[in-house]
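Student: Below: one structure in structure tokens.
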Amino acid sequence: MITIQHIANYYLSKLSWNDLAGLLRHSYSEHIQAIALIKSTRKRFISEFEIHIENNKPRIERIPTKPFGQTLAEIENNIDFDFRKLSRVFTELPGKYLTESLYSLIRKVIKKILNNNESPKKINLSLHHTRIVCTSNANASNYPEGIHQDGMDYIVSAFVVERHNIDGGEIIIYSSDKKTPPEFLKQFFNQVWGFFNQI
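According to our numbering, the residues represented by the sequence shown are 571 to 769, in order.
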């Protein structure tokens with residue numbers, strides 16, 4: 571019987587197409603039952619902002635989102651293909667979620683960037699608003715790709731807004747050896763690797 575874990579393993583190149591096809595050769599009714607049990611564990615909205623810096627003061631403007639690709643992303647096992655390099659399209663965050671607390675968080679991130687960068691004139695900011703749901707039948711993770719780099723200059727990784735009845739799901743940052751936690755986070759994230767442990 572095929573499970574969501576089989577699909578995830580195929581996505582991560584841990585399960586070959588032949589092995590997956592073998593699982594699909596079960597009886598039709600069993601296959602339909604298995605598919606019915608597969609539930610989405612992640613829901614993602616995206617919002618994009620352009621920040622113009624004038625006299626060291628940011629002006630935040632929401633802009634329409636573009637297809638999102640991480641061409642410089644890397645996974646721990648770079649023999650496998652990292653599907654995040656492909657261009658993806660996500661649903662835009664509905665306006666009702668653009669709260670003052672969200673803008674306050676954006677301003678804090680901008681302040682950190684300005685403190686670590688020489689006079690940027692413009693910052694492009696992409697926010698991924700993700701909900702993760704797991705059940706007794708399906709574990710979930712925000713990072714099914716495992717230990718990885720996002721390939722961005724700056725990243726606020728997995729800022730958790732709400733946790734309900736869960737264990738796990740902590741963000742773990744590693745140095746370039748992908749094993750040792752760094753003593754401090756470098757200005758650019760091309761030296762550190764992230765992982766979000768299983769919920």
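All C-beta atoms, glycine included, are put in the ideal place defined by N, C-alpha and C.
(1) Among residues of its own chain, excluding the 5 on either side of Leu-590, which ones have a beta-carbon nearer than 6 angstroms to its beta-carbon?
(2) Does the beta-carbon distance from Gln-608 to Lys-691 come in below 7 angstroms?
(3) Within the same chain, show all residues whose beta-carbon is closer than 7 angstroms to that of Phe-615, passing over the 5 residues directly before and after it, in chain order.
(4) Helix, strand or coil, according to DSSP, for Leu-672 in the structure here?
(5) For Glu-620, which residues in the same chain have their Cβ closer than 7 angstroms to its Cβ, ignoring the five residues on either side in sequence?
(6) Assign His-734 to one of three DSSP states: helix, strand, or coil.
(7) Within a Cβ cutoff of 8 angstroms, which residues of the same chain sit near Leu-668, ignoring the five residues on either side of it in sequence?
(8) Keeping to the same chain, check which residues put their C-beta closer than 7 angstroms to that of Phe-585; ignore five residues upstream and five downstream.
(9) In or out: Thr-705 buried (at least 16 other Cβ within 10 Å) or exposed?
(10) Tell me Pro-628's beta-bridge partners as DSSP assigns them.
(11) Could you check if Leu-755 is buried or exposed, using at least 16 other CB atoms within 10 Å of its CB as the buried criterion?
(12) Have a look at Lys-627, Arg-612, Gln-603 and Gly-592 and flag the residue whose alpha-carbon is nearest the alpha-carbon of Leu-684.
(13) Going by alpha carbons, who is nearest to Thr-611 out of His-734, Asn-735 and Arg-701?
(14) Quick one: grab the DSSP three-state call for Lys-682.
(15) What does DSSP give as the partner residue(s) for His-576 in the beta ladder?
(16) Taking Leu-697 as part of the alpha helix (DSSP H), name the residues at either end of that continuous run.
Tutor: This is what the structure gives:
(1) Tyr-580
(2) Reading the sequence as shown, one finds Ile at residue 608 and not Gln. Taking 7 angstroms as the Cβ cut-off, Ile-608 and Lys-691 do not qualify as a contacting pair.
(3) Phe-660, Thr-661, Glu-662, Leu-663 and His-699
(4) helix
(5) Glu-631, Ile-633, Lys-692 and Asn-694
(6) coil
(7) Ser-617 and Arg-632
(8) Reading off the sequence, residue 585 comes out as Leu, not Phe. The answer, listed in chain order, is His-576 and Asn-579.
(9) exposed
(10) Ile-623
(11) With a pLDDT of only 43 at Leu-755, under 50, the local geometry of the prediction cannot be trusted, and the value read off the model is given with reservation. Answer is exposed; the Cβ neighbour count stays below 16.
(12) Lys-627
(13) Arg-701
(14) helix
(15) DSSP, once it has assigned bridges, lists no residue as partnering His-576.
(16) Careful: Leu-697 lies outside any alpha helix (DSSP H), inside the beta strand (DSSP E) at 692-702.
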